[in-house]
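A.B. asks:
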Amino acid sequence: MKKTFFLLLLFSLLPSWGISEKMTIAADPWLPFTGEQKEGKQGYLIEIAKAIFEPLGIEVDYQTMPWARSIEEGRKGTIQAIAGAYKTDAPDFIFSQKPQGQLKECFYVLKGNRWRYQDLPSLESISLGVVNGYSYGEKLDQYIEQNKTNPKRIQILSGEKALESNLLKLQKKRIEALVEGETVMTYFLNDQNLKIDLQEAGVNTVHEVYIAFSPKNKESKKYAKLLDEGIQKLRLSGKLKAILDSYGILDWAP
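Start counting the sequence shown at 1; every next residue gets the next number (this note's numbering).
1) Where does the unbroken beta strand (DSSP E) through residue 154 begin, and where does it stop?
2) Note the first and the last residue of the continuous alpha helix (DSSP H) segment covering residue 62.
3) Taking only the alpha-carbon atoms, compute the straight-line gap between residue 11 and residue 101 and give it to the nearest angstrom.
4) For the putative contact between residue 62 and residue 46, defined by C-beta atoms under 8 Å, what is the C-beta separation to the nearest angstrom?
5) Between which two residues does the beta strand (DSSP E) containing residue 25 stretch?
6) Anyone know if the C-beta pair for residue 94 and residue 220 falls short of 8 Å?
7) So, for residue 84: in the same chain, excluding its five sequence neighbours on each side, which residues have a beta-carbon less than 7 Å away from its beta-carbon?
8) How many Å lie between residue 243 and residue 185 at the Cα?
9) Figure out for me which residue from 86, 90 and 109 has the closest Cα to the Cα of residue 98.
10) Can you give the Cα-Cα distance for residue 231 and residue 251, rounded to whole angstroms?
11) Does the segment 146–162 come close enough to the segment 197–204 that 3 or more CB-CB pairs lie under 8 Å?
12) Hey, residue 175 and residue 129: beta-carbon distance below 8 Å or not?
13) For a quick check, are the C-beta atoms of residue 171 and residue 196 less than 8 Å apart?
14) Per DSSP, what kind of secondary structure is residue 104 in: helix, strand or coil?
15) For residue 36 versus residue 104, is the C-beta distance shorter than 8 Å?
16) Can you give the Cα-Cα distance for residue 109 and residue 178, rounded to whole angstroms?
17) If residue 131 and residue 167 are in contact, beta carbons under 8 Å, what's the gap, nearest whole angstrom?
18) Just the C-alpha distance for residue 77 and residue 89, rounded to the nearest angstrom, thanks.
19) Pop quiz: residue 25 and residue 51 are said to be a contact at Cβ under 8 Å. What is the actual Cβ separation, rounded to whole angstroms?
20) So what's residue 205 in DSSP terms, helix, strand or just coil?
21) Using the C-alpha atoms, what's the distance from residue 135 back to residue 233?
22) Do you know offhand how far residue 187's Cα is from residue 126's?
In structure tokens, the structure reads:
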């Protein structure tokens with residue numbers, strides 16, 4: 001009886017002894033938003049998450065995996081969050097009130113290619129490279145879904161190096177264009193010191209970027225609220241600017 005009472009008392013005191021929750025966040029490498037799991041920069045979204053949640057006793061465990069799988073694991077509740085999400089990526093997830101970034105999404109071709117994006121029908125004359133599981137906005141998503149079995153119009157790549165593979169396909173003229181965020185493309189080319197004669201061929205849309213929380217986790221609404229509050233604290237303290245400066249990017253908020 002005394003032993004049972006002692007164990008109950010011990011477990012009741014564990015939170016005050018610094019025992020923390022664990023939040024697993026998954027994404028594919030997509031710098032400057034998300035990076036590699038172990039080596040190099042993990043991405044500013046992951047650094048922000050750690051700066052906000054870890055002082056609150058919530059350990060952030062970052063794992064890289066293909067984007068479609070990240071969403072699937074979050075949807076099942078085996079991980080607590082995904083990073084680098086648009087609301088159209090996973091509309092059933094729990095989102096904070098304000099985004100953690102903004103991204104202009106553009107079409108890219110090799111220099112010398114005269115094709116330019118005008119509207120969805122203008123895509124019908126080219127083969128476009130996209131990434132499995134990515135959302136590109138409602139209209140383009142519908143076009144991709146309608147043409148995903150026609151490689152003359154859509155070619156879908158999976159994996160953690162999808163952008164690199166799409167650029168290789170573009171150079172070898174297996175596709176005529178690809179679609180990617182401007183900040184992501186610029187960062188990737190500079191980080192890899194790649195000299196590819198790319199040319200922007202039109203803007204698809206501007207997305208808000210989020211850390212989104214699993215719809216299966218009862219703590220998700222709490223995490224979303226803490227994220228909103230934490231971003232503001234980081235911004236006021238100057239810590240947010242320091243994190244963004246390390247990636248060479250500006251604060252997305254006006």
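All C-beta atoms, glycine included, are put in the ideal place defined by N, C-alpha and C. Given the structure is predicted, the values throughout are model-derived calculations rather than measurements.
C.D. replies: In brief:
1) Note, residue 154: beta strand (DSSP E), 154–157.
2) From DSSP, residue 62 is part of no alpha helix (DSSP H) but of the beta strand (DSSP E) over 58–64.
3) Because the pLDDT at residue 11 is just 43, under 50, the model does not fix this residue reliably, and the value given afterwards should be weighed accordingly. Going by the C-alpha atoms only, they are around 40 Å apart.
4) Contact flag correct, Cβ pair sits at about 5 Å.
5) From DSSP, the beta strand (DSSP E) with residue 25 extends over 21–27.
6) Judged by beta-carbon spacing, residue 220 lies within the 8 Å limit of residue 94, meaning their Cβ atoms are closer than that value.
7) So the list reads 27, 30, 33, 34, 45 and 209, once near-sequence residues are dropped.
8) Between residue 243 and residue 185, the C-alpha separation is close to 20 Å.
9) Nearest option by C-alpha distance: 86.
10) If you take the alpha carbons of residue 231 and residue 251, they lie about 11 Å apart.
11) Touching, no, given that fewer than three Cβ pairs across the two stretches are closer than 8 Å.
12) For residue 175 and residue 129, yes; Cβs fall inside 8 Å.
13) The answer is yes: Cβ separation under 8 Å.
14) Per DSSP, reduced to three states, the secondary structure at residue 104 is strand.
15) No, Cβ-Cβ distance for residue 36 and residue 104 is not below 8 Å.
16) Approximately 7 Å between the Cα atoms of the pair.
17) That belief does not hold up - the Cβ atoms of residue 131 and residue 167 are roughly 12 Å apart, past 8 Å.
18) Roughly 16 Å between the two C-alpha positions.
19) Contact doesn't hold; Cβ gap of about 13 Å is too wide.
20) Note: residue 205 maps to strand in three-state DSSP.
21) Computed Cα separation, rounded: 30 Å.
22) The alpha-carbon atoms of residue 187 and residue 126 are separated by roughly 26 Å.
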